[in-house]
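S.K.:
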Amino acid sequence: MSDSPVIFKRSKPKLGQRAREKSPDTNDATSDVTSQAGDESPITLASKLKNKAKRSKPKSRLSFGGDDNTEGDEELFQVKKSNLSQKLKLGSHPGSPASLPASLDQANISNGSPSYSAAYLSELKASTPSSRRPPLNDPYDADMSMDGEIYMQSIDSVDVFADNDSAIPSESSILNAKQKRERIRTTVTSNGEDYISLSVIKRSEESKGPHPESRLMREEDELGEGDDEFAEYTSAQERIPLGKKSKKVAASKRKEAMQEMIEDAAEEDDETMEWEQEQLRRGGHLANDSIDAAPTKQVYKAAPIPTSTPIPTLDSAIARLAQSLTTLTTSHVTNTTAISSLAEEREQLDKKEQEMREMVRKAEAKRSWFVAFREWVESVATFLDEKFPQLEKLEDEHVSILKEQSDMITQRRHADDEDDLSLFFGTLPTPPQPDTEEVDELGRTIPRANPAAARRDRITARAARRLRHHTTSTKTQTDEEGYSTDSSLPPPDSADLATALNKLSTSARAILSDVRAEGFKNPSLGLGKWFGEWRERYGDVYSGAWGGLGLVGAWEFWVRLEIVGWNPIEDTRTSLDSFAWYSALHEYSRSPAEEDEEPEMGPDGDLVSAMISTAIVPRLCKIVEGGALDPYSANSLRRMVDLAEQVEASVERGSQKFQALLKSVYMVFANEVSTTESLLAPYLSLNHPPFNPESIPARRRFLARRTKLGQNIVRWRKYTGERFGIGELATRLVVRCIAPVADGGWDVGGEECVRKVVAILPSELVPASLKSCL
Numbered sequence: 001m002s003d004s005p006v007i008f009k010r011s012k013p014k015l016g017q018r019a020r021e022k023s024p025d026t027n028d029a030t031s032d033v034t035s036q037a038g039d040e041s042p043i044t045l046a047s048k049l050k051n052k053a054k055r056s057k058p059k060s061r062l063s064f065g066g067d068d069n070t071e072g073d074e075e076l077f078q079v080k081k082s083n084l085s086q087k088l089k090l091g092s093h094p095g096s097p098a099s100l101p102a103s104l105d106q107a108n109i110s111n112g113s114p115s116y117s118a119a120y121l122s123e124l125k126a127s128t129p130s131s132r133r134p135p136l137n138d139p140y141d142a143d144m145s146m147d148g149e150i151y152m153q154s155i156d157s158v159d160v161f162a163d164n165d166s167a168i169p170s171e172s173s174i175l176n177a178k179q180k181r182e183r184i185r186t187t188v189t190s191n192g193e194d195y196i197s198l199s200v201i202k203r204s205e206e207s208k209g210p211h212p213e214s215r216l217m218r219e220e221d222e223l224g225e226g227d228d229e230f231a232e233y234t235s236a237q238e239r240i241p242l243g244k245k246s247k248k249v250a251a252s253k254r255k256e257a258m259q260e261m262i263e264d265a266a267e268e269d270d271e272t273m274e275w276e277q278e279q280l281r282r283g284g285h286l287a288n289d290s291i292d293a294a295p296t297k298q299v300y301k302a303a304p305i306p307t308s309t310p311i312p313t314l315d316s317a318i319a320r321l322a323q324s325l326t327t328l329t330t331s332h333v334t335n336t337t338a339i340s341s342l343a344e345e346r347e348q349l350d351k352k353e354q355e356m357r358e359m360v361r362k363a364e365a366k367r368s369w370f371v372a373f374r375e376w377v378e379s380v381a382t383f384l385d386e387k388f389p390q391l392e393k394l395e396d397e398h399v400s401i402l403k404e405q406s407d408m409i410t411q412r413r414h415a416d417d418e419d420d421l422s423l424f425f426g427t428l429p430t431p432p433q434p435d436t437e438e439v440d441e442l443g444r445t446i447p448r449a450n451p452a453a454a455r456r457d458r459i460t461a462r463a464a465r466r467l468r469h470h471t472t473s474t475k476t477q478t479d480e481e482g483y484s485t486d487s488s489l490p491p492p493d494s495a496d497l498a499t500a501l502n503k504l505s506t507s508a509r510a511i512l513s514d515v516r517a518e519g520f521k522n523p524s525l526g527l528g529k530w531f532g533e534w535r536e537r538y539g540d541v542y543s544g545a546w547g548g549l550g551l552v553g554a555w556e557f558w559v560r561l562e563i564v565g566w567n568p569i570e571d572t573r574t575s576l577d578s579f580a581w582y583s584a585l586h587e588y589s590r591s592p593a594e595e596d597e598e599p600e601m602g603p604d605g606d607l608v609s610a611m612i613s614t615a616i617v618p619r620l621c622k623i624v625e626g627g628a629l630d631p632y633s634a635n636s637l638r639r640m641v642d643l644a645e646q647v648e649a650s651v652e653r654g655s656q657k658f659q660a661l662l663k664s665v666y667m668v669f670a671n672e673v674s675t676t677e678s679l680l681a682p683y684l685s686l687n688h689p690p691f692n693p694e695s696i697p698a699r700r701r702f703l704a705r706r707t708k709l710g711q712n713i714v715r716w717r718k719y720t721g722e723r724f725g726i727g728e729l730a731t732r733l734v735v736r737c738i739a740p741v742a743d744g745g746w747d748v749g750g751e752e753c754v755r756k757v758v759a760i761l762p763s764e765l766v767p768a769s770l771k772s773c774l
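For what it's worth, the UniProt record's numbering labels the leading residue of the sequence shown as 1, then goes sequentially.
(1) Just checking, does the segment 528-538 make contact with the segment 560-568 on the three C-beta pairs under 8 angstroms criterion?
(2) Indicate whether C737 and T707 have their beta-carbon atoms separated by less than 8 angstroms.
(3) In the structure shown, what three-state DSSP assignment does R590 receive?
(4) How would you write the range of the alpha helix (DSSP H) that V748 sits in, first residue to last?
(5) Please name the residue, chosen from D747, A742 and V748, that lies closest to residue 775 on a Cα-to-Cα basis.
(6) What are the boundary residues of the alpha helix (DSSP H) that C773 is part of?
(7) Could you tell me whether the segment 664-675 touches the segment 603-612, using the rule of 3 or more Cβ pairs below 8 angstroms?
(8) In terms of residues, what are the limits of the alpha helix (DSSP H) holding L686?
(9) So, is G626 buried or exposed, given that buried needs 16 or more other C-beta atoms within 10 angstroms?
(10) Between R755 and D496, what straight-line distance do the alpha-carbon atoms span, to the nearest angstrom?
(11) Where do the ends of the alpha helix (DSSP H) carrying R185 lie?
(12) Beta-carbon within less than 7 angstroms of A508's beta-carbon, same chain only, minus the 5 sequence neighbours each way: which residues are those?
(13) By Cβ distance, which residues of its chain are closer than 7 angstroms to L512, with the 5 residues on each side in sequence left out?
(14) Assuming V617 contacts F658 under a Cβ cut-off of 8 angstroms, what Cβ separation, rounded to an integer in Å, is found between them?
(15) With a 10 Å radius around its C-beta and 16 neighbouring C-beta atoms as the bar for buried, classify P523 as buried or exposed.
(16) Given a threshold of 16 other Cβ atoms within 10 Å of its Cβ, counted over all protein chains shown, does E556 qualify as buried or as exposed?
(17) What span of residues does the alpha helix (DSSP H) with A634 cover, start to end?
(18) When you compare the CB positions of L684 and P740, do they come within less than 8 angstroms of one another, or not?
(19) Which partner residues does M261 have in the DSSP bridge list?
(20) Thinking C-beta only, is V748 closer than 8 angstroms to R699?
(21) DSSP has M601 in a bridge; who is on the other side?
(22) Give the DSSP-derived three-state secondary structure of W275 in the structure shown.
(23) Secondary structure at K247, three-state DSSP: helix, strand or coil?
(24) With DSSP collapsed to three states, give me the class of D540.
(25) Could you tell me which whole alpha helix (DSSP H) segments of length 4 or greater appear in the segment 342-378?
(26) Using a 10 Å radius around the Cβ and a threshold of 16 neighbouring Cβ atoms, would you call R701 buried or exposed?
(27) Just the C-alpha distance for M261 and R281, rounded to the nearest angstrom, thanks.
(28) Apart from the five residues on each side of it in sequence, which residues of its chain come closer than 7 angstroms, Cβ to Cβ, to S772?
(29) Let's test the definition: count the other Cβ atoms within 10 Å of the Cβ of L321 and tell me whether it reaches 16, buried, or not, exposed.
(30) Ignoring anything shorter than 4 residues, give me the alpha helix (DSSP H) runs that lie fully in the segment 541-587, in order along the chain.
(31) Once you ignore the five residues that flank L661 on each side, which residues in its own chain have a CB closer than 7 angstroms to its CB?
(32) I need the DSSP call for H414, collapsed to helix, strand or coil.
(33) What is the DSSP secondary structure of Y116, reduced to helix, strand or coil?
(34) Would E418 and L504 qualify as a contact pair, given that the criterion is a beta-carbon distance under 8 angstroms?
(35) If you reduce the DSSP assignment to three classes, tell me which class I305 lands in.
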């Protein structure tokens with residue numbers, strides 16, 4: 001066909017397919033097809049009409065074209081074609097194929113000479129185009145064909161290029177045009193335009209602004225930008241909804257538009273698809289092979305007659321039935337076995353389900369219990385963080401009280417030793433005194449020390465103290481001379497010491513005065529309950545987490561609070577097993593048993609020994625080093641040996657904690673021996689003074705105190721063995737402190753004292769010089 005296809009884009013609401021213009025030949029063909037359709041059955045025609053009614057859509061509002069269904073109400077739009085194309089189509093052109101005869105018999109043979117008649121020339125002139133043919137604009141593009149959908153959506157409409165009618169002007173029309181131009185040239189004024197304007201409108205006489213000759217166009221002078229023409233596609237008519245109702249209406253419109261688009265996309269009928277395939281095939285975009293071939297007509301074939309089979313015999317039927325029975329029996333046994341195994345498996349699954357439920361229940365109970373236990377432990381930790389500093393302050397205060405008491409006794413004992421040494425060795429030279437007098441802050445003169453007067457006052461006080469002690473003792477004064485420990489304080493100092501200890505005890509009770517919970521007052525109701533329940537419920541977790549040691553660490557506060565202010569050297573009535581914490585831990589460490597049976601040790605072991613090594617032994621070391629142990633007192637040493645035996649019953653002898661306790665006792669004796677050596681050294685360099693009757697008892701008293709110190713060292717060595725050089729310390733005391741003083745008064749008590757010391761010391765510790773003297 002010579003008609004070029006018209007390409008256009010459907011508007012937003014998809015319209016029905018526009019009827020295509022048909023030529024008279026096409027109409028004839030259509031009438032033939034209609035006559036052929038009349039032969040179809042009424043049911044087929046009804047179904048087609050029904051489908052066509054369903055596919056009907058609102059009519060297109062295009063500016064051109066129409067619908068086949070219109071009954072002459074509106075004038076149809078037809079593309080206007082040029083005279084030449086119409087003549088070519090009708091076959092009026094001499095060279096057209098239609099003007100050629102059907103056969104050579106019908107052709108008229110001319111004489112062959114050209115004919116230039118007026119009719120032929122006019123016809124030739126009419127058929128000759130007056131302008132160049134428009135360039136071919138092939139709408140097909142490979143890139144555009146790959147994106148046909150986008151191309152169809154982006155193009156709103158495409159104008160139909162019509163052939164422009166143009167003809168060669170005649171001579172008269174040319175002459176008329178020349179005369180008109182000449183007439184206009186002569187009649188127009190001088191200020192008019194001296195050229196023929198190509199513009200189809202009249203030139204405006206208004207002012208074009210300051211630069212009329214400029215060809216630049218201002219922005220406000222631009223007209224016809226197409227906003228109004230394409231308002232439907234450029235959202236120029238859209239309005240922003242401001243109210244609630246307008247927003248609702250806009251949402252509903254948007255929803256309807258989306259629904260229409262969905263329906264348009266889903267509406268694809270067979271006729272449309274067939275028409276599109278046909279257009280693609282005509283355009284050369286599809287190969288002829290892609291078109292489905294018409295279904296071939298099926299030829300009826302008769303069913304084949306089966307071959308005859310012989311009638312089965314009785315034996316074969318019985319054999320077949322027996323085989324089937326065997327197969328059924330086997331399958332029955334197999335199914336029965338499978339059912340039994342499935343039943344057993346179901347029972348096992350039920351048991352596992354019960355076990356899993358029980359495990360889940362136990363896990364949940366365990367989780368909830370440990371959550372509560374964790375909260376309680378955190379509360380205990382907060383309590384200990386608040387109370388432990390107060391307890392440590394009281395312990396330091398107790399050690400300072402013991403150290404002050406020990407310093408007072410040691411200073412008085414050293415003053416007595418200096419007085420005795422000055423009697424039989426002589427008085428030490430007095431350092432030169434400054435000429436200027438010393439004054440205090442208030443300008444008062446500080447009296448200078450008088451060693452002689454101070455010595456007389458000490459001797460008088462010592463005599464009165466010994467007399468008072470003699471009246472209350474059954475021993476004679478001779479036996480007490482020098483062997484009295486003299487560790488008692490004066491009455492005022494004793495009263496002050498008792499007041500300080502009572503205040504310390506009151507402060508210790510005040511630590512728990514603000515506590516109301518019984519679990520924090522009594523650890524057996526708090527720690528014992530929770531840790532005992534933990535051990536009873538979850539023993540494996542308790543053992544893996546070393547719950548017993550955790551209990552000891554938490555119970556340490558109450559143990560130290562109970563023994564604060566306790567002096568194990570002086571308090572002979574209180575032992576370790578008399579405390580409440582000892583009984584509580586002993587009971588916790590052993591499982592309950594009948595009255596006649598001995599309770600067995602629990603999985604934690606003996607927690608009493610752990611508590612003694614953790615809290616008691618370090619506390620005893622601080623008390624001993626603070627001055628609670630008097631190295632000259634036999635009673636203090638005897639009490640120390642008993643205390644060490646109690647600790648040894650719970651703690652191994654070779655453990656570090658027990659060795660630390662033994663070393664603290666050794667350091668007390670070593671410090672006293674070093675103090676005696678430093679005290680005696682300056683007196684040994686003096687010349688012997690004139691005879692003084694008081695020098696003999698003074699020498700006896702000094703040697704008796706050193707003998708008692710050596711005796712205590714030997715007793716402690718007997719318990720501990722040769723540890724930390726305790727035997728060497730005893731030998732050093734004899735060689736450096738006792739022998740030099742005894743040599744000066746060998747005949748007046750020195751020999752007797754040396755013999756006593758040699759009798760006390762083991763044979764391996766006696767120096768060879770003393771053996772030769774004796």
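No residue lacks a Cβ here, since even glycine has one placed at the ideal position from N, Cα and C.
M.R.: Quick look at the numbers:
(1) no
(2) no
(3) strand
(4) First-last for V748: undefined, no H or E at that position.
(5) Outside the displayed span of the chain (1 to 774) sits residue 775, for which this structure offers no information.
(6) A768 to C773
(7) no
(8) Counting along the chain, L686 falls outside any alpha helix (DSSP H), and DSSP gives it neither H nor E.
(9) buried
(10) 42 angstroms
(11) E171 to T187
(12) L394, L561, V564 and G565
(13) K521
(14) 7 angstroms
(15) buried
(16) buried
(17) A634 to S650
(18) yes
(19) M261 pairs with nothing; no bridge assigned.
(20) yes
(21) R590
(22) helix
(23) helix
(24) helix
(25) none
(26) buried
(27) 28 angstroms
(28) none
(29) exposed
(30) 547-563
(31) V617, L620, C621, A644 and V647
(32) helix
(33) coil
(34) no
(35) coil
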